[in-house]
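With the working numbering applied, the sequence shown covers 3 to 258. Notes follow the structure.
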Amino acid sequence: MTQPRELVAIAEAAVDDVEQMFSAGIGAAPTHYKSGGDFATDVDLAIEAKLRTNLTQMTGIPVMGEERGGGPRSLDETVWVVDPVDGTANYSAGNPMCGVLVALLHQARPVVAVASFPLLHQRLVAADGMDIRALRGPLRPRRADQGAEHHSSKQIGLSSHLKMDVVNELREIGLRPRMTGSVGVDNAFVAQGVFDGAVNFSEFPWDNATGALLVKAAGGVVTDPEGNEWSAHSRGLVCGTPEVHAAIMDTIARHH
């Protein structure tokens, strides 16, 4: 496999090529309905098709997308995973909390990550062997005292699938749950230092692969909800500062 430092430039070029399409399509109507009330727009499919073509032609590595699948038989092989519009319900409603997520998995672990949020004018980039990089957005280095024992005013991103008793207990210990409607935004906010933690139970690698690498590159803690290292086989992700991550994990364990 080509070195991640080289492949991250290709991933950024592929994202560059779809950002205008993304911005122009905001407010697109639902056209493709899925189970559980989820849906996609024509823009989702068009962006995924363009990412698939560009990444495959430039690297020869297969692509697995949220809308059209594809990729190798096993996630343990080297594969691009893409979410063309993360937060489609937001996107369709004109809510800017949405973006494009591209990650490269190698042996089920993310080694390249590009998360672009064109409507927020932000992009985060990371790869094995390089520091996290922010374009047009904040990146606040973690201070040693940011993990203070008292959680007051610390914000965490939550998935809508989290049980209310878990949400209520997180509030009771002083954390401030926030629901953006996009796991990509939640994880990116943790990497940027906007949120102190995030949790979701998505089983889809295109949702969390990018965020897992970005938060790790920013110095945060990243695991699955059982406390194992995150991989493409994980059913969910918990990330944050060491103290906030531990608080989330303790709360989940009490309600498991």
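Using N, Cα and C, we set each Cβ at its ideal position, and we do this for glycine too. Please read these numbers as outputs of a predicted model, since none were measured by experiment.
Does the pairing of the region 45-54 with the region 17-27 give three or more beta-carbon distances under 8 angstroms? Because the criterion of three Cβ pairs below 8 angstroms is met, the region 45-54 and the region 17-27 touch.
Is DSSP giving Pro74 helix, strand or coil here? Position 72 of the sequence shown, counting from 1, holds the residue named residue 74. Three-state DSSP puts Pro74 in coil, outside helix and strand.
Count the CB pairs spanning the region 156-170 and the region 123-135 that are closer than 8 angstroms, and state whether there are at least three. Contact fails: fewer than three Cβ-Cβ distances are below 8 angstroms.
Distance between Leu106 and Asn56 (C-alpha atoms, nearest Å): Here residue 56 is taken as the residue at index 54 of the sequence shown, counted from 1. Here residue 106 is taken as the residue at index 104 of the sequence shown, counted from 1. Each residue's alpha carbon lies about 14 angstroms from the other.
Assign Val196 to one of three DSSP states: helix, strand, or coil. Position 194 of the sequence shown, counting from 1, holds the residue named residue 196. DSSP places Val196 in the coil class of the three-state scheme, outside both helix and strand.
Report the three-state DSSP secondary structure of Glu151 (helix, strand or coil). Walking along the sequence shown from the start, residue 151 turns up at place 149. The predicted model places Glu151 with a pLDDT of 49, which falls under 50 and marks its position as unreliable; any figure quoted below should be read in that light. DSSP places Glu151 in the coil class of the three-state scheme, outside both helix and strand.
Within 8 angstroms, strictly: CB atoms of Trp208 and Val83: Looking up residue 208 in the sequence shown gives position 206. Looking up residue 83 in the sequence shown gives position 81. For Trp208 and Val83, yes; Cβs fall inside 8 angstroms.
Going by the CB atoms, is the gap between Phe197 and Arg180 shorter than 8 angstroms? Mapped onto the sequence shown, residue 180 falls at position 178. Mapped onto the sequence shown, residue 197 falls at position 195. Result yes, Cβ atoms of Arg180 and Phe197 sit closer than 8 angstroms.
Tell me the DSSP bridge mates of Ile28? Position 26 of the sequence shown, counting from 1, holds the residue named residue 28. In the DSSP secondary-structure assignment, Ile28 is not bridged to any residue.
DSSP state of Gly2, grouped into three classes? Residue numbering for the chain in the displayed model covers 3 to 258; residue 2 lies beyond these limits and cannot be assessed.
Which two residues bound the contiguous alpha helix (DSSP H) that contains Gly213? On the sequence shown, residue 213 is found 211 positions in, with the first residue counted as 1. Its alpha helix (DSSP H) spans residues Pro207 to Ala219.
Give me the Cα-Cα distance between Tyr93 and Gly186, rounded to the nearest whole angstrom. Position 91 of the sequence shown, counted from the start, is the residue given in the question as residue 93. Position 184 of the sequence shown, counted from the start, is the residue given in the question as residue 186. Distance between Tyr93 and Gly186, taken at the CA atoms: about 13 angstroms.
Counted within 10 angstroms of its Cβ, other Cβ atoms place Arg256 as buried (16 or more) or exposed: Looking up residue 256 in the sequence shown gives position 254. Around the beta-carbon of Arg256, fewer than 16 other beta-carbon atoms lie within 10 Å, marking it exposed.
What are the start and end residues of the beta strand (DSSP E) that includes Gln124? Counting from one through the sequence shown, the residue named residue 124 turns up at place 122. From DSSP, the beta strand (DSSP E) with Gln124 extends over Gln124 to Ala129.
When burial is assigned at 16 or more other CB atoms within 10 Å of the CB, is Arg54 buried or exposed? To locate residue 54, count along the sequence shown from 1; it is residue 52. Looking at its Cβ environment, which holds 16 or more other Cβ atoms inside 10 Å, Arg54 is buried.
Below 8 angstroms on the Cβ atoms is my guess for Gly86 versus Gly67; work out the distance and round it to an integer in Å. As a working mapping, residue 86 is identified with position 84 in the sequence shown. As a working mapping, residue 67 is identified with position 65 in the sequence shown. Here residue 86 turns out to be Pro, not Gly, going by the sequence shown. The beta-carbon separation of Pro86 and Gly67, rounded to 7 angstroms, stays under the 8 angstroms limit for a contact.
If you follow the alpha helix (DSSP H) that His247 is in, where does it begin and where does it stop? Your numbering for residue 247 matches position 245 in the sequence shown. Unbroken alpha helix (DSSP H) run through His247: Pro244 to Arg256.
Assuming contact is defined by CB atoms lying nearer than 8 angstroms, are Phe119 and Ala190 in contact in what I supplied? For the purposes of this step, residue 119 is identified with residue 117 of the sequence shown, where counting begins at 1. For the purposes of this step, residue 190 is identified with residue 188 of the sequence shown, where counting begins at 1. It is a contact, given that the beta carbons lie within the stated cut-off.
C-alpha distance - Val271 paired with Ala214, whole-angstrom precision: Residue 271 lies beyond the stretch modelled for the chain, which goes from 3 to 258, so this question has no answer here.
Pick out whichever of Val201, Glu171, Leu216 and Ile250 has its Cα sitting closest to the Cα of Leu239. Indexing the sequence shown from 1 puts residue 239 at position 237. The shortest Cα separation from Leu239 among Val201, Glu171, Leu216 and Ile250 belongs to Val201.
Please name the residue, chosen from Leu137, Thr182, Arg70 and Ala15, that lies closest to His123 on a Cα-to-Cα basis. Here residue 123 refers to the residue found at position 121 when the sequence shown is read from its first residue. The candidate whose alpha carbon is nearest that of His123 is Leu137.
Select from Ile63, Thr58 and Thr225 the residue whose C-alpha is nearest the C-alpha of Ser236. Your numbering for residue 236 matches position 234 in the sequence shown. Among Ile63, Thr58 and Thr225, the Cα nearest to that of Ser236 is on Thr225.
Looking at Gly96: is its Cβ nearer than 8 angstroms to the Cβ of Gly29? Mapped onto the sequence shown, residue 96 falls at position 94. Mapped onto the sequence shown, residue 29 falls at position 27. For the 8 angstroms CB-CB criterion, Gly96 and Gly29 form a contact.
Would you identify the three-state DSSP class for Asp226, choosing helix, strand or coil? As a first step, residue 226 is located in the sequence shown; it is residue number 224 there, counting from the start. Coil.
With DSSP as the reference, label Ile2 as helix, strand or coil. As displayed, the chain neither begins before 3 nor continues past 258, which places residue 2 out of reach and without an answer.
Just the Cα atoms here: how many angstroms apart are Pro1 and Asp188? No statement about residue 1 is possible, as the shown extent of the chain runs from 3 to 258 and does not include it.
One question on the structure: do Thr212 and Val104 come within less than 8 angstroms of each other, judged by their Cβ atoms? The residue given as residue 212 occupies position 210 in the sequence shown. The residue given as residue 104 occupies position 102 in the sequence shown. Thr212 places its beta carbon less than 8 angstroms from that of Val104.
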